[in-house]
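Student: The structure's right below; bear with me while I get my questions together.
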Amino acid sequence: MLAPARDRYAMYNANKLKIGLFGSNCSSGRAVTKVPERWSGNWPDNLRLARMADEAGIDFLLPIGRWKGYGGDTDYQGETLETITWASGLLASTRRITIFGTVHAPLFNPVIAAKEMVTADHIGEGRFGLNIVVGWNEGEFEMFGVAQREHEARYDYAQEWIDAITLIWSDREDFDFQGKYFNMKGIRGKPKPYGGSRPLMMNAGSSPTGQAFAIRNCDAFFIQASRTSLAETAQRVSGVQALARQGGREIGVYTVGVVTCRATRKEAEDYYHYSVVEHADWSAVDGILALKDISPQTVPMEEYVTKRRQYAQGMGGLPIVGDPDFVASQLADLSNAGLTGIGISLVNYIEELPFFCQEVLPRLARMGVREASGA
Ligand SMILES: Cc1cc2nc3c(=O)[nH]c(=O)nc-3n(C[C@H](O)[C@H](O)[C@H](O)COP(=O)(O)O)c2cc1C
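Residues in the sequence shown are numbered consecutively from 12, following our numbering.
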């Protein structure tokens, strides 16, 4: 079976801590906020952002596969760009950054998906990556007229889906695929992925089944970092890596963070409070929580209040709020805890990225977790 080339796995550089941007294909990104400068998510802004990130040495862009907005005052993530076509456009316009497509296995026929991804991979000359998702949002599936499977069966299905896709990407030609979910005859898929290796694959399942799926199939796995204990984060990372090694595999472990970086700690804290506390889109937050069956009726009040705050402040990602020294030290700590990388989000990616790149990346290079040039 094809493996990703070493260069792909390293995302074509030697940065010890990979840094990516998460969620820019969606309106409002990952900040459930009403502030007027919230992220548009439109194409011109995505294109400018991708070029800026590519030039500045950011390692990857990770989009969200979202089909239906969450409503609320802002219709949070109501406008989203489909991720494989989004990635294709951006790969054509960049030179070195890895760009993922986030693909719902139950919604894409594997023969079509395999070819779409190969096309994106050729456009990017090997820089396309796949985030496999099985879905969780009932309303999205209803919109497609597709029944959501029971939780365990979702990953059983995804296994067949990815097995079919990796076979299509391999040297096999004119083969049949007969499984529990697919019965496909005379499969032919040409061209193959760029350069004789396959795209990087990632998954972010939080259940034991989702984690086992990632460990079996993927090169990268996203976990939730502890908000309170670095030791706990380190333990989660080494736990995943130990399980992977038991299965004879290596896996990169990543997390997601929400960065507010300003010249002073006070400025950062003030902006954080202004954007995602005072001006949070609470009606959207409540809608998201309801979809996940989190309400005062289903969980203890204290947990509900905590979840409500955490979802407003970056949908559960780790908040990193402070001046460049503080932000860099937090990121270096995550690297030292064993994480391979982090997908960060910003309230307005274009306005905030230059300061982050100018101030935080060189500090990380001096701390030994990034290459000096940032490229
Ligand atoms: C970094 C990250 C990215 C994700 N991207 C998406 C996405 O784009 N679309 C989606 O429906 N789910 C997404 N998810 C949800 C996961 O794929 C997964 O369904 C969720 O964590 C629940 O885990 P489980 O499937 O193991 O129960 C993402 C989660 C994380 C942490």
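Glycine included, every Cβ here is placed at the ideal spot set by N, Cα and C.
All figures in this text were calculated on a predicted structure; none of them were measured in a lab.
#1: Taking the alpha-carbon positions, what's the residue 223 to residue 232 distance?
#2: Tell me the rounded alpha-carbon separation between residue 52 and residue 81.
#3: Measuring straight from C-alpha to C-alpha, what distance separates residue 76 and residue 281?
#4: Run the CB neighbour count on residue 381, radius 10 Å, all protein chains shown included, and call it buried at 16 or more, exposed below.
#5: For the region 146-157 against the region 174-189, are there 3 or more C-beta pairs whose distance is under 8 Å?
#6: Taking the DSSP output, what are the residues bridged to residue 115?
#7: Between the alpha carbons of residue 17 and residue 24, how many angstroms are there, rounded?
#8: Would you report the Cα separation of residue 293 and residue 234, rounded to the nearest angstrom?
#9: Provide the residue(s) that pair with residue 201 in DSSP beta bridges, ordered along the chain.
#10: Once you ignore the five residues that flank residue 62 on each side, which residues in its own chain have a CB closer than 8 Å to its CB?
#11: Does ligand 1 have a heavy atom nearer than 7 Å to the CB of residue 232?
#12: Tell me the residue span of the beta strand (DSSP E) that contains residue 355.
#13: Within a Cβ cutoff of 7 Å, which residues of the same chain sit near residue 337, ignoring the five residues on either side of it in sequence?
#14: Tell me which residues share the same chain as residue 220 and place their Cβ nearer than 6 Å to its Cβ, disregarding the 5 neighbours each side in the sequence.
#15: What are the boundary residues of the alpha helix (DSSP H) that includes residue 158?
#16: What did DSSP end up calling residue 262 once you bin it into helix, strand or coil?
#17: State the DSSP-derived secondary structure class of residue 338, mapped to helix, strand or coil.
#18: Considering only C-alpha positions, which residue in the set 252, 258, 60 and 194 is nearest to residue 351?
#19: Going by C-alpha distance, which of 44, 43 and 39 is nearest residue 57?
#20: Can you give the Cα-Cα distance for residue 256 and residue 226, rounded to whole angstroms?
#21: Does the separation of the CB atoms of residue 65 and residue 108 fall below 8 Å?
#22: Output the residue ranges of the alpha helix (DSSP H) runs that lie fully inside the region 65-143 and measure 4 residues or longer, sorted by chain position.
#23: Using 7 Å as the cut-off, classify the Cβ of residue 148 as near or not near the heavy atoms of ligand 1, replying yes or no.
#24: To the nearest angstrom, how far is it from the Cα of residue 329 to the Cα of residue 138?
#25: Helix, strand or coil for residue 316 per DSSP?
#26: Go ahead and pull the three-state DSSP assignment for residue 366.
#27: Under 7 Å Cβ to Cβ from residue 258, same chain only, skipping five residues before and after it: list those, please.
Tutor: Let me spell this out:
#1: 10 Å
#2: 15 Å
#3: 31 Å
#4: buried
#5: Result no; under three Cβ-Cβ pairs closer than 8 Å.
#6: 144
#7: 10 Å
#8: Going by the C-alpha atoms only, they are around 25 Å apart.
#9: According to DSSP, residue 201 bridges with nothing at all.
#10: 104 and 105
#11: no
#12: 352-356
#13: 276
#14: Close CB contacts of residue 220 within its chain, under the 6 Å cut and outside five residues either way in sequence, are with 163 and 166 (chain order).
#15: Neither: residue 158 is in no alpha helix (DSSP H) and is coded neither H nor E.
#16: coil
#17: helix
#18: 252
#19: 39
#20: 9 Å
#21: yes
#22: 94-103 and 121-134
#23: Checking every heavy atom of ligand 1 against the Cβ of residue 148, one is found closer than 7 Å.
#24: C-alpha separation (whole angstroms): 27 Å.
#25: helix
#26: helix
#27: 226 and 227
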